[in-house]
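Using the UniProt record's numbering, you'd call the opening residue of the sequence shown number 1 and step up by one each time.
Note that beta-carbon positions come from the ideal geometry of N, C-alpha and C, so glycine has one too.
Some notes on the structure that comes next.
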Amino acid sequence: MHGHHSRFADSPFARMGAPGFRGRGPGGRGRGSRGSDAPPPVDRAEVAGWFAGRLPDGWFTGPVDLVVDRDEITVVGPLAEPDAGEGDPAAARAGRIARFREETRQQRMAIADAAQERYGRSVAWGAACGDVREVFTNASVPVMTRLRQAERLVLDTLVDAGVARSRSEALVWAVRLVGQHADAWLTELRDAMSSVEEVRARGPHLD
Numbered sequence: 001m002h003g004h005h006s007r008f009a010d011s012p013f014a015r016m017g018a019p020g021f022r023g024r025g026p027g028g029r030g031r032g033s034r035g036s037d038a039p040p041p042v043d044r045a046e047v048a049g050w051f052a053g054r055l056p057d058g059w060f061t062g063p064v065d066l067v068v069d070r071d072e073i074t075v076v077g078p079l080a081e082p083d084a085g086e087g088d089p090a091a092a093r094a095g096r097i098a099r100f101r102e103e104t105r106q107q108r109m110a111i112a113d114a115a116q117e118r119y120g121r122s123v124a125w126g127a128a129c130g131d132v133r134e135v136f137t138n139a140s141v142p143v144m145t146r147l148r149q150a151e152r153l154v155l156d157t158l159v160d161a162g163v164a165r166s167r168s169e170a171l172v173w174a175v176r177l178v179g180q181h182a183d184a185w186l187t188e189l190r191d192a193m194s195s196v197e198e199v200r201a202r203g204p205h206l207d
């Protein structure tokens, strides 16, 4: 544990006075201590294996792209390229994804229900065909604002590292980071806003 703390002692996290910085020592927050209301941690390999066994063989042409956080499991699988003939290839790929979404809806719902019962997380589905990729039902979870999975994973990394005690504190840290490293840009932005207010104040007023 001492090594973990010293690794962060001289990091930007500690220098910035990140909220909740405690490392993994006594009183710190290691992985799996996010609160009693959080679902239990899961092993990604176990989740991947379960989906590999549960998904119908004919759905995808290769392994799925699996992303897991504490709220959601996102499953995006590759589809076979359609023969567009003289048509537009991108439109053909989008149509193939739409067909997959419609034809598999009932089965996907059943698999999602089973996964939710097993892992305590909702399931978002998606498909990729060539360079066209679509996620159908990605959840938006309120954390002071509404964040999608990619942003939530950033916050969870800060929580797991002991940088913050919660997602809310991780957001505070992220805002502080932007404020320190983009100070010149923020100053310019504030000056521009002040100029707009001055011009607006000099304009005609209606009684």
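ask   = Tell me which same chain residues have a C-beta within less than 7 angstroms of the C-beta of residue 92, skipping the five on either side of it?
value = 82 and 84
message = Just to confirm the assignment, what range does the beta strand (DSSP E) spanning residue 133 have?
response = 132 to 135
task = Measure the alpha-carbon distance for residue 165 versus residue 195 and round it to whole angstroms.
result = 39 angstroms
inquiry  = Taking the alpha carbon of residue 55 as the reference point, which residue from 162, 105 and 89 has its own alpha carbon closest?
reply    = 105
inquiry  = Please identify the residue among 136, 175 and 150 whose C-alpha is closest to the C-alpha of residue 99.
reply    = 136
ask   = Bridge partners of residue 65, per DSSP?
value = 76
task = Give me the Cα-Cα distance between residue 198 and residue 179, rounded to the nearest whole angstrom.
result = 25 angstroms
ask   = So what does DSSP say about residue 123, is it helix, strand or coil?
value = strand
request  = Hey, could you find the ends of the alpha helix (DSSP H) residue 100 is sitting in?
outcome  = 89 to 103
request  = Reducing DSSP to helix, strand and coil, say where residue 128 ends up.
outcome  = strand
query = In three-state DSSP terms, what is residue 153?
reply = helix
task = Please go through the same chain and pick out, in chain order, the residues whose beta-carbon is closer than 7 angstroms to the beta-carbon of residue 63, but skip the five residues on each side of it.
result = none
inquiry  = Buried or exposed for residue 58, going by 16 or more other Cβ atoms inside 10 Å?
reply    = exposed
request  = Report yes if the C-beta distance between residue 47 and residue 65 is below 8 angstroms; otherwise report no.
outcome  = no
inquiry  = Across the region 168 to 178 and the region 152 to 159, are there enough close Cβ pairs to call them in contact, namely three or more that are closer than 8 angstroms?
reply    = yes
request  = Can you tell me which of the three DSSP states residue 147 falls into?
outcome  = strand
inquiry  = Could you compute how far the alpha carbon of residue 202 sits from the alpha carbon of residue 129?
reply    = 56 angstroms
Of the residues 200, 183 and 71, the one placed nearest residue 124, counting alpha carbons only = 71
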